Amino acid sequence: MEFSAIQIATFLSGTVEGDPEVKVYNVAKIEEGAPGMLSFLANPKYSQYLYTTQSSIVLINNDFELQGEVAATLIRVPDAYAAFAQLLGLYQQFIQSKTGVSSLSFISKDASYGDDVYIGEFAFIGDRVKIGDRVKIYPQAYIGDDVVIGDDTVIYAGAKLYAQTVVGKCCVLHSGCVIGADGFGFAPQEDGSYRKIPQIGNVVLGDNVEIGANTCVDCATMGSTRIQDGVKLDNLIQIAHNVELGKNTAIAAQTGVSGSTKLGSNCIIGGQVGFAGHINVADGTKIGAQSGVLGNVKKEGEELMGSPAMKLKDFLRMSVYMKNIEKLVKRVDELEKRLNEKQQ
Amino acid sequence: MEFSAIQIATFLSGTVEGDPEVKVYNVAKIEEGAPGMLSFLANPKYSQYLYTTQSSIVLINNDFELQGEVAATLIRVPDAYAAFAQLLGLYQQFIQSKTGVSSLSFISKDASYGDDVYIGEFAFIGDRVKIGDRVKIYPQAYIGDDVVIGDDTVIYAGAKLYAQTVVGKCCVLHSGCVIGADGFGFAPQEDGSYRKIPQIGNVVLGDNVEIGANTCVDCATMGSTRIQDGVKLDNLIQIAHNVELGKNTAIAAQTGVSGSTKLGSNCIIGGQVGFAGHINVADGTKIGAQSGVLGNVKKEGEELMGSPAMKLKDFLRMSVYMKNIEKLVKRVDELEKRLNEKQQ
Amino acid sequence: MEFSAIQIATFLSGTVEGDPEVKVYNVAKIEEGAPGMLSFLANPKYSQYLYTTQSSIVLINNDFELQGEVAATLIRVPDAYAAFAQLLGLYQQFIQSKTGVSSLSFISKDASYGDDVYIGEFAFIGDRVKIGDRVKIYPQAYIGDDVVIGDDTVIYAGAKLYAQTVVGKCCVLHSGCVIGADGFGFAPQEDGSYRKIPQIGNVVLGDNVEIGANTCVDCATMGSTRIQDGVKLDNLIQIAHNVELGKNTAIAAQTGVSGSTKLGSNCIIGGQVGFAGHINVADGTKIGAQSGVLGNVKKEGEELMGSPAMKLKDFLRMSVYMKNIEKLVKRVDELEKRLNEKQQ
Chain A
1 MEFSAIQIAT FLSGTVEGDP EVKVYNVAKI EEGAPGMLSF LANPKYSQYL YTTQSSIVLI
61 NNDFELQGEV AATLIRVPDA YAAFAQLLGL YQQFIQSKTG VSSLSFISKD ASYGDDVYIG
121 EFAFIGDRVK IGDRVKIYPQ AYIGDDVVIG DDTVIYAGAK LYAQTVVGKC CVLHSGCVIG
181 ADGFGFAPQE DGSYRKIPQI GNVVLGDNVE IGANTCVDCA TMGSTRIQDG VKLDNLIQIA
241 HNVELGKNTA IAAQTGVSGS TKLGSNCIIG GQVGFAGHIN VADGTKIGAQ SGVLGNVKKE
301 GEELMGSPAM KLKDFLRMSV YMKNIEKLVK RVDELEKRLN EKQQ
Chain B
1001 MEFSAIQIAT FLSGTVEGDP EVKVYNVAKI EEGAPGMLSF LANPKYSQYL YTTQSSIVLI
1061 NNDFELQGEV AATLIRVPDA YAAFAQLLGL YQQFIQSKTG VSSLSFISKD ASYGDDVYIG
1121 EFAFIGDRVK IGDRVKIYPQ AYIGDDVVIG DDTVIYAGAK LYAQTVVGKC CVLHSGCVIG
1181 ADGFGFAPQE DGSYRKIPQI GNVVLGDNVE IGANTCVDCA TMGSTRIQDG VKLDNLIQIA
1241 HNVELGKNTA IAAQTGVSGS TKLGSNCIIG GQVGFAGHIN VADGTKIGAQ SGVLGNVKKE
1301 GEELMGSPAM KLKDFLRMSV YMKNIEKLVK RVDELEKRLN EKQQ
Chain C
2001 MEFSAIQIAT FLSGTVEGDP EVKVYNVAKI EEGAPGMLSF LANPKYSQYL YTTQSSIVLI
2061 NNDFELQGEV AATLIRVPDA YAAFAQLLGL YQQFIQSKTG VSSLSFISKD ASYGDDVYIG
2121 EFAFIGDRVK IGDRVKIYPQ AYIGDDVVIG DDTVIYAGAK LYAQTVVGKC CVLHSGCVIG
2181 ADGFGFAPQE DGSYRKIPQI GNVVLGDNVE IGANTCVDCA TMGSTRIQDG VKLDNLIQIA
2241 HNVELGKNTA IAAQTGVSGS TKLGSNCIIG GQVGFAGHIN VADGTKIGAQ SGVLGNVKKE
2301 GEELMGSPAM KLKDFLRMSV YMKNIEKLVK RVDELEKRLN EKQQ
């Protein structure tokens, strides 16, 4: 795949400065440019590289003023970063244009699917599954009985959806994620053993949800574990039974949310955070990495940090005092010495 | 599937108050009830909902005294929660009644299996594998050579058991768990590289063990990594080589146990906990979430918390002092000021 | 498989003391020996077991001086541990000598592979994939389009390699690992939702890299996430997009490295550690378990611990002071009391 500057400019409604016929076949950061590459310049910190880059084409903002000679062909657009992301999206769509239903997949005769789907080799589609239009199910994915999958969703290789999971439209589920496994519920018995509490609920994912690789979302004991529209989960996250995550909340890798906890919408949660069970966290809460949230967060938009979590500014202040605790001890030593001297 | 109040009461040996012919087809929490639903009331905190619930049937304790009118049909039983769990278990068994050996699975001609097993599509069963009666192996599971699986065990879709793993009876292994991968053992070489130490041991799981989704249990370098009867592991847990977990120990998600560490029986371990290698933890130990256990725990039944872990009450007291460290610094400031003033 | 003492001694160029015809069929720790087992003695702490072990054969160092009668047949070698590891490696090679391409795998007609490969049942090999000699790909592994795999690499059951991943020679990728899933990159929109930033880069693994079970290495947004030669990753690790790990760096389980962070060579990282994004960590850095590394580490060979991470000795000293903070508060109480008394 090669594209000329004029082709790209036409697609982006941009204007060309330099050779309109120069061709590119891949993209690179401006500071790592090479002939045949397309780069972009959006952050002023990187302006210096514009004059030395080896890339053949650079996207820049309409209002960028040149301070010297540029070897690359420029394409001017209103927002160079947005234009670049648009090109990347196009490229990704192109390389992922898998279609067709493999004869090496297994599809229950009771299952149904829409138009233009991809179902890869060794994928399993259970009884009464309903799959929308343009859904892509990569090889070795497992779609249990009665699962529903909305239009335009992508399920990557080896993702596992237990029976009765509901997935919205335009979701992306990465390899190795497990949706709907049993919640961790056991009733202690008198002899010290545990009796399993049946977990008969399911998981419901809204639209535009992204689930990272090897992330687990357990089914509810009863009812549903709910992940609302636009939630983004990174890799290796644990979402326990009966949890609810509000709209557009984003969680970084390796965080765990315990049973029945509810996070509001538009929360931003760092990596390796832990949430206790049965708590409520207000909309717009931000939690720093490695924090432990033990109780309700009632006020919206707060920034918390630490384990147990406290207001970020309290955490930072406490950290400084702790780091200097040796000095404090020495000051107390000195005070005692002075007082003892005075009393002799 | 629909059941009438009288059918359910007969199954549970309970007594009906209200319409014996009213039918339910699913379950719901009492506060989220709806027509056609069955609910239960066990916790007195929820008693208020009995008088307003929309559910068609509610299970209640024999000794519960009504304080008002109830629209739902009641079924009285000695223990409403236990009766409800019994119904759920029946329901779960019913919906999971998979049987038969798929012609799309691969089973080595040297492998053997008992009566009434389920082996799903694209499952792999290696050489000399022995599978007991009523075992369910879901699609895409991998059962390596020489693995032994006891009666009534369930292996969900895509679980991976390396060669020579031994699994007891009535175990549940969830999707994506990996049992028997190599322990993390490398001998440092003079040039800074590592030479792999062959890991030729295996993993032995007892009876009634539950392994969560994407949890990893590594094989022993030599001998066996041992998980005793009744152990319950949540999702995304790491159990390193040569670890031993005692009977009925339960571990929450994302905890890691380093190599050769031994946990006693009936321990309860929170989420995101880390255990150092080569330590022993006494029976009945309780460890709070996000703790780090660096040394032996010798006394049985202790409750520990923190990183490094200490007695829970010491941890709580220390946390309070730390939270107030700023006040302490100000008190020392004040003491110095007073002493300086006196000395002038 | 049975081997006699004389066969083993000949293979190891060692010398036999005792019955050269005694046979062994497996290995055991010297303290857990049994007839038919081979053990070794390298660590002087275990010398006592030499005189009581039930093992049939024990490997010992040439210079070891017996202090009593030994029932086992001895094989003397220059380095008993190294000799034992050599035997284990041989044994492991033998039991893993899978070969052949299964007719139940799927291999794109555009893919190519070298001599003596193993491709197991239900493995998927995509378009234009290039596989070297003696590579083993276990059942249900997924090798996306355009992936390149070097000679002698082993990919265990169910490992997932997204399109365009490059794997070097002699690597080991364990079950459930996911290489090349999308980096976690989203541009916040004005309405609070996120727009996905296309992730079109790939992952490049050098030679002799080991990737643990269920570990995730995300692809770069552009360019490559790079894992250099000899890197060893344990289970359940998160490596985010555009990360670089230097040669021979080893990381224990459940650690996470955020986007664009660069670790130097020969670093040793404990379990459950978190690294912030966009930081650089110098060669030879050692980080203790559960630490949080928030900033650059500029000096080579430092040992850090804590969250936020500090020099190990500072961390240990601070920990002692914190543990004793109650005493400090009591000393300040006492000082205030004394000063108040004096002023009355």
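One line per chain: the protein sequences are A, B and C, in this order.
Numbered as in the working numbering, the first sequence ends at 344 without a single skipped number.
Numbered as in the working numbering, the second sequence ends at 1344 without a single skipped number.
Numbered as in the working numbering, the third sequence ends at 2344 without a single skipped number.
Yeah, the Cβ is synthetic: ideal placement off N, Cα and C, and Gly gets one too.
Being a predicted model, the structure only gives us computed values, none of them experimental.
Query, Result
"Residue range of the unbroken alpha helix (DSSP H) whose run includes B:Lys1327", "Ile1325 to Gln1343"
"Member of C:Ala2159, C:Ala2250, C:Gly2180 and C:Ser2307 whose CA lies at the smallest distance from the CA of B:Ala1187", "C:Ala2250"
"Chain-ordered residues of the region 2291–2304 of chain C with a beta carbon less than 7 Å from chain B", "none"
"Within chain A, partners of B:Phe1122 - CB distance below 8 Å", "Phe106, Phe122, Phe124 and Gln140"
"CB contact check: C:Glu2336 to chain B, cutoff 9 Å", "yes"
"Interfacial residues, the region 167–183 of chain A to chain C, with Cβ spacing under 7 Å", "His174, Ser175 and Gly176"
"Contacts of B:Lys1311 in chain A (Cβ-Cβ under 7 Å)", "Correct list: empty, because the minimum Cβ distance to chain A is about 17 Å."
"Chain-ordered chain B contacts of C:Tyr2091 [CB-CB under 8 Å]", "Pro1198 and Ile1200"
"Coarse secondary structure for C:Glu2031, derived from DSSP in three states", "helix"
"Neighbouring residues, chain C, relative to A:Ala42 (Cβ below 8 Å)", "Result: empty, since nearest Cβ-Cβ is about 12 Å, beyond 8 Å."
"Minimum C-alpha distance to A:Ile137 - residue among A:Gly150, A:Val117, A:Gly144 and A:Val147", "A:Val117"
"CB contact check: B:Val1203 to chain C, cutoff 9 Å", "no"
"C:Thr2073 - partner residues in DSSP beta bridges", "C:Ile2057"
"Chain-ordered chain B contacts of A:Arg317 [CB-CB under 8 Å]", "Glu1326"
"Option in C:Gly2089, C:Leu2050, C:Asn2324 and C:Val2203 with minimal Cα separation from C:Thr2165", "C:Val2203"
"Same chain, Cβ closer than 8 Å to A:Lys299, five either side skipped, listed in chain order", "Ala282"
"B:Leu1349 at chain C interface by Cβ criterion, 9 Å", "This structure cannot settle anything about residue 1349 of chain B, because the visible part of chain B is limited to 1001 through 1344."
"Residue environment, C:His2174, which counts as buried when at least 16 other CB atoms sit within 10 Å", "buried"
"Cutoff 8 Å; reference A:Ser97; Cβ partners in own chain excluding five residues on either side", "none"
"Contact belief for B:Ile1237 with B:Gly1201 at Cβ below 8 Å, rounded distance in angstroms", "The Cβ separation is near 19 Å, so there is no contact."
"Rounded distance between the beta-carbons of C:Ile2006 and C:Glu2017, thought under 8 Å", "About 12 Å separates the two Cβ atoms, so there is no contact after all."
"Element boundaries [beta strand (DSSP E), containing A:Thr15]", "Thr15 to Glu17"
"Helix, strand or coil at A:Lys247 according to DSSP, with G and I counted as helix", "coil"
"8 Å CB neighbourhood of C:Ala2253 in its chain, flanking five on each side removed", "Gly2212, Asp2234, Asn2235, Leu2236, Ile2237, Gly2271 and Gln2272"
"Neighbour list for C:Cys2216 in chain A, Cβ cutoff strictly below 7 Å", "Ala213, Asn214, Asn235 and Leu236"
"Interface partners of A:Asn248 on chain C, CB under 7 Å", "Gly2192, Ser2193 and Tyr2194"
"Residue interval of the beta strand (DSSP E) (run including B:Phe1186)", "Phe1186 to Pro1188"
"B:Gly1086, DSSP secondary structure in three states", "At residue 1086 of chain B the sequence reads Gln, which differs from the Gly that was named. Note: B:Gln1086 maps to helix in three-state DSSP."
"Residues that B:Arg1195 bridges to, as DSSP identifies them", "B:Ala1187"
"Assumed close pair A:Val243, A:Thr225 - CB separation to whole angstroms, cut-off 8 Å", "5 Å"
"Reduced DSSP secondary structure (H/G/I, E/B, other) of B:Tyr1138", "coil"
"Selection from C:Arg2195, C:Gly2264, C:Ile2155 and C:Asp2333 that minimises the alpha carbon distance to A:Glu210", "C:Arg2195"
"Assigned exposure category for C:Asn2043 - 16 Cβ within 10 Å defines buried", "exposed"
"Cβ of A:Gly270 within 9 Å of any chain B Cβ", "no"
"Cβ-based burial, A:Phe94 [other Cβ within 10 Å; buried from 16]", "exposed"
"Supposed contact pair B:Ser1307 and B:Ser1291 - C-beta distance, whole angstroms, cut 8 Å", "6 Å"
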